[in-house]
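Each remark here refers to the structure printed beneath this line.
Below is the structure:
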């Protein structure tokens, strides 16, 4: 009886071993089926109630409980879908900012980010970040950067190429200029969820409107290089020369010189 049973088992094992193997082909959508669902992102940007609760939460654990939607942790830098108030546009380009207000998940994490686009010969006018150091990474094109840390120190100027990074220490006056005929893109990281921005022209010279109009004026954060003749005296000579060369290289016609106040007012309306 035992021999019969053993013979039967061996015969069955041989039959299985001799049968052709069946290969299972995974469905094409198998991988996608394992991924997290795509959800609406950052739907609570600028939500003052949520922001207040996050700011007053005693622990990070409490903040996680308040951020109870998966999309709370994703920010969209696409210009058309960026949260309200996150995009700053000027004649020379656009910048989209993820800060404590536009991306509440940053609160308590000590970080913020800006993605900026500068058009041909465009300039990001001199400004200061009051509460944060900036790390500016060039993703496309080139940027001419210039900053001064404080009184009595030597200003720093460099040409930064693709995949290079520049640092602008907290409180330093700095500017960026695109010297080429194509768009430049940079990504700026900060060590504060609310780094702040003080544009020198708007905030210092606005104390005297006559001086403002004669120098930098209450203007936008970016200017069109084609208007160089209007704001030439309001920027450093080396930057003005760079814009001149860029316009010539790109075949961009200069706009007629006009009142600086009119130029800046028009840019604000853009």
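Residue numbers (mature numbering (1 follows the signal peptide of the UniProt record, and there is no 0)): -18 to -1, 1 to 252. For each residue, glycine too, the CB sits at the ideal point set by N, CA and C.
Cutoff 7 angstroms; reference residue i; Cβ partners in own chain excluding five residues on either side
| i | result |
| --- | --- |
| residue 65 | 24, 27, 28 and 84 |
| residue 173 | 92, 93, 114 and 115 |
| residue 180 | 109, 110 and 112 |
| residue 163 | 102, 231 and 232 |
| residue 136 | none |
Beta-carbon gap between residue i and residue j smaller than 9 angstroms
| i | j | result |
| --- | --- | --- |
| residue 166 | residue 99 | yes |
| residue 253 | residue 206 | Nothing about residue 253 can be read from this structure; the chain reaches only from -18 to 252. |
| residue 116 | residue 145 | no |
| residue 147 | residue 225 | no |
| residue 107 | residue 124 | no |
| residue 158 | residue 130 | no |
| residue 52 | residue 86 | no |
| residue 235 | residue 208 | yes |
Cβ-based neighbour list, residue i, same chain, cut-off 8 angstroms, excluding 5 preceding and 5 following
| i | result |
| --- | --- |
| residue 88 | 80, 81, 82, 94 and 175 |
| residue 35 | 48 |
Local Cβ density within 10 Å of residue i, reported as buried at 16 or more and exposed below that
| i | result |
| --- | --- |
| residue 12 | exposed |
| residue 54 | buried |
| residue 133 | exposed |
| residue 128 | buried |
| residue 177 | buried |
| residue 170 | buried |
| residue 67 | exposed |
Whole-angstrom C-beta distance between residue j and residue i, which should lie under 8 angstroms
| i | j | result |
| --- | --- | --- |
| residue 56 | residue 78 | With 8 angstroms as the limit, residue 56 and residue 78 do not qualify as a contact, their Cβ atoms being about 14 angstroms apart. |
| residue 48 | residue 39 | 6 angstroms |
| residue 90 | residue 62 | Not quite, the Cβ-Cβ distance comes to about 29 angstroms (not below 8 angstroms), so this is no contact. |
| residue 168 | residue 121 | 6 angstroms |
Please specify which runs of the beta strand (DSSP E), each continuous and at least 3 residues long, are wholly inside the stretch 97 to 144, giving them in chain order.
105 to 110, 116 to 122, 125 to 130 and 138 to 142
Every unbroken alpha helix (DSSP H) within the stretch 16 to 74, with a cutoff of 4 residues, ordered by chain:
30 to 38 and 42 to 48
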